[in-house]
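The listed protein sequences derive, respectively, from chains H and B. Residue numbers are given in the working numbering: position 108 of the first sequence equals residue 247, and the series is strictly consecutive. Residue numbers are given in the working numbering: position 87 of the second sequence equals residue 88, and the series is strictly consecutive. Encoded as structure tokens, the structure appears first; notes follow it.
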Amino acid sequence: GAVVSQHPSRVICKSGTSVKIECRSLDFQATTMFWYRQFPKQSLMLMATSNEGSKATYEQGVEKDKFLINHASLTLSTLTVTSAHPEDSSFYICSARARIGNQPQHFGDGTRLSIL
Amino acid sequence: DQQVKQNSPSLSVQEGRISILNCDYTNSMFDYFLWYKKYPAEGPTFLISISSIKDKNEDGRFTVFLNKSAKHLSLHIVPSQPGDSAVYFCAASFSGNTGKLIFGQGTTLQVKP
């Protein structure tokens with residue numbers, strides 16, 4: 140079946156560091172990828188929709204200068220958390236939807252980000 | 002504003018019995034609904050979906066029922082197995098299978114041997 144790979148799985152870094160998270164669709168082309176954030180015991184909240192070759196669409200309340208998204212190819216989207224602070228600590232998950240066919244979104248395994 | 006709600010944070014069921022997970026939504030414009038299963042430290046895995054033009058979709062042990070008038074959907078798992086123990090999320094979409102997903106809070110299912 141479809142596989143989405145997300146890397147790294149866990150990051151621990153100091154406040155002020157910028158962190159890049161990669162999301163790759165391994166066996167299908169994805170024109171659209173989605174970035175979610177999940178706080179403990181809460182639902183997945185959509186942060187932004189990443190479209191290949193165009194600017195990402197951010198949800199209300201999400202700072203686009205804080206969370207930089209790049210979707211340079213049909214198999215890769217990246218999320219960069221710039222100048223991360225402790226309040227940015229969370230579980231970040233990406234998903235991808237196949238370019239062809241009526242397929243649901245497939246999710247990566249997430250990245251646990253901890254800012255000290 | 003929680004548009005998709007899973008009011009039961011947890012459910013415990015005996016192996017072999019039926020598990021029923023419930024989900025309510027507030028926006029009648031949602032036209033596609035999905036259920037995902039999530040194990041700890043992993044991303045959600047797609048289980049089953051249903052379009053708003055249907056009221057039932059079945060796939061093996063999993064059946065999703067949609068009651069549009071009540072804005073309610075449910076996932077039935079029968080027979081339940083210990084390996085089904087996980088967090089289950091329902092999600093809704095406005096634009097068929099292409100749009101962004103709005104997730105519920107999740108229900109933790111425990112199936113006891």
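Every residue, glycine too, gets a C-beta built ideally from N, C-alpha and C.
Closest Cα partner of Val150 of chain H within the set H:Met186, H:Lys194, H:Phe230: Residue numbering aside, residue 150 of chain H sits at position 11 when the first sequence is read from its first letter. Cα-wise, what sits closest to Val150 of chain H is H:Phe230.
Distance CB(Phe178 of chain H)-CB(Pro45 of chain B) smaller than 8 Å: Within the first sequence, the letter at position 39 stands for residue 178 of chain H. Within the second sequence, the letter at position 44 stands for residue 45 of chain B. With respect to the 8 Å criterion, Phe178 of chain H and Pro45 of chain B are not classified as neighbours on the basis of their beta carbons.
Helix, strand or coil at Glu43 of chain B [DSSP, three-state]: Indexing the second sequence from 1 puts residue 43 of chain B at position 42. In the structure shown, Glu43 of chain B sits in coil (DSSP, three-state: anything other than H, G, I, E or B).
Residue from B:Tyr37, B:Lys101, B:Ile78 with nearest C-alpha to Ser13 of chain B: What you label residue 13 of chain B is simply residue 12 of the second sequence in a count that begins at 1. For the residues B:Tyr37, B:Lys101, B:Ile78, the minimum Cα distance to Ser13 of chain B belongs to B:Ile78.
Any chain B beta carbon closer than 8 Å to Phe173 of chain H: Along the first sequence, read from residue 1 onward, the residue named residue 173 of chain H stands at position 34. Under the 8 Å criterion on CB atoms, Phe173 of chain H is classed as interfacial with respect to chain B.
Neighbour list for Gly107 of chain B in chain H, Cβ cutoff strictly below 7 Å: On the second sequence, position 106 is the one that residue 107 of chain B refers to. Within chain H, the C-beta atoms nearer than 7 Å to that of Gly107 of chain B come from Ser182, in chain order.
7 Å Cβ cut-off: residues of chain H touching Pro45 of chain B: Position 44 of the second sequence, counting from 1, holds the residue named residue 45 of chain B. Around Pro45 of chain B, the beta-carbon contacts reaching into chain H at under 7 Å are Phe246.
Three-way DSSP call (helix, strand, coil) for Asp85 of chain B in this model: Locating residue 85 of chain B in the second sequence gives position 84, counting from the first residue. In the displayed model, Asp85 of chain B falls within a helix according to three-state DSSP.
Own chain partners of Thr171 of chain H with C-beta closer than 8 Å, once the 5 adjacent residues on each side are dropped: Position 32 of the first sequence, counted from the first residue, corresponds to residue 171 of chain H. In its chain, beyond the 5 residues on either side, Thr188, Ser189, Asn190, Glu191, Ala235, Arg236 have a beta carbon closer than 8 Å to the beta carbon of Thr171 of chain H.
Helix, strand or coil at Asp25 of chain B according to DSSP, with G and I counted as helix: As a first step, residue 25 of chain B is located in the second sequence; it is residue number 24 there, counting from the start. The three-state reading of DSSP puts Asp25 of chain B in strand, counting E and B together.
Contact the segment 77 to 95 of chain B vs the segment 37 to 44 of chain B: 3+ CB pairs below 8 Å: Between the segment 77 to 95 of chain B and the segment 37 to 44 of chain B, the count of C-beta pairs closer than 8 Å reaches three or more; the two stretches touch.
Proximity test, Cβ basis, 8 Å: Ile232 of chain H and chain B: Numbered from its first residue, the first sequence carries residue 232 of chain H at position 93. Yes, its Cβ sits closer than 8 Å to a Cβ of chain B.
Thr188 of chain H at chain B interface by Cβ criterion, 8 Å: Here the question's residue 188 of chain H lines up with position 49 in the first sequence. By this cut-off, Thr188 of chain H is an interface position.
Bridge partners - Thr217 of chain H, DSSP secondary structure assignment: Start at 1 with the first residue of the first sequence, and residue 217 of chain H comes out as number 78. DSSP output for Thr217 of chain H lists H:Glu161, H:Asn209 as bridge partner(s).
Three-way DSSP call (helix, strand, coil) for Asp60 of chain B in this model: To locate residue 60 of chain B, count along the second sequence from 1; it is residue 59. Correct three-state label for Asp60 of chain B: strand.
Given Asn28 of chain B as reference, the closest of B:Ser20, B:Phe34, B:Gln4 once Cα atoms are compared: Numbered from 1 along the second sequence, position 27 holds the residue referred to as residue 28 of chain B. Among B:Ser20, B:Phe34, B:Gln4, the Cα nearest to that of Asn28 of chain B is on B:Gln4.
Beta carbon proximity, Pro147 of chain H to chain B, threshold 8 Å: Counting from 1 along the first sequence, the entry for residue 147 of chain H is found at position 8. Residue-level contact by beta carbon fails for Pro147 of chain H and chain B, as no gap is shorter than 8 Å.
Spatial distance of Ala71 of chain B from Phe95 of chain B (CA atoms): Position 70 of the second sequence, counting from 1, holds the residue named residue 71 of chain B. Position 94 of the second sequence, counting from 1, holds the residue named residue 95 of chain B. Ala71 of chain B and Phe95 of chain B: Cα-Cα distance of roughly 18 Å.
Chain-ordered chain H contacts of Phe95 of chain B [CB-CB under 7 Å]: Residue numbering aside, residue 95 of chain B sits at position 94 when the second sequence is read from its first letter. Think of a sphere of 7 Å around the beta carbon of Phe95 of chain B: no beta carbon from chain H falls inside it, the nearest being about 12 Å out.
Whole-angstrom C-beta distance between Gln168 of chain H and Arg251 of chain H, which should lie under 8 Å: Indexing the first sequence from 1 puts residue 251 of chain H at position 112. Indexing the first sequence from 1 puts residue 168 of chain H at position 29. Contact doesn't hold; Cβ gap of about 28 Å is too wide.
Minimum Cβ-Cβ distance from Gly249 of chain H to chain B less than 8 Å: As a first step, residue 249 of chain H must be located in the first sequence, where it is residue number 110. Contact with chain B is found for Gly249 of chain H, since one of that chain's Cβ atoms lies less than 8 Å from the residue's Cβ.
Cys24 of chain B and Ser86 of chain B closer than 8 Å at C-beta: What you label residue 24 of chain B is simply residue 23 of the second sequence in a count that begins at 1. What you label residue 86 of chain B is simply residue 85 of the second sequence in a count that begins at 1. Not in contact: Cys24 of chain B and Ser86 of chain B (Cβ atoms no closer than 8 Å).
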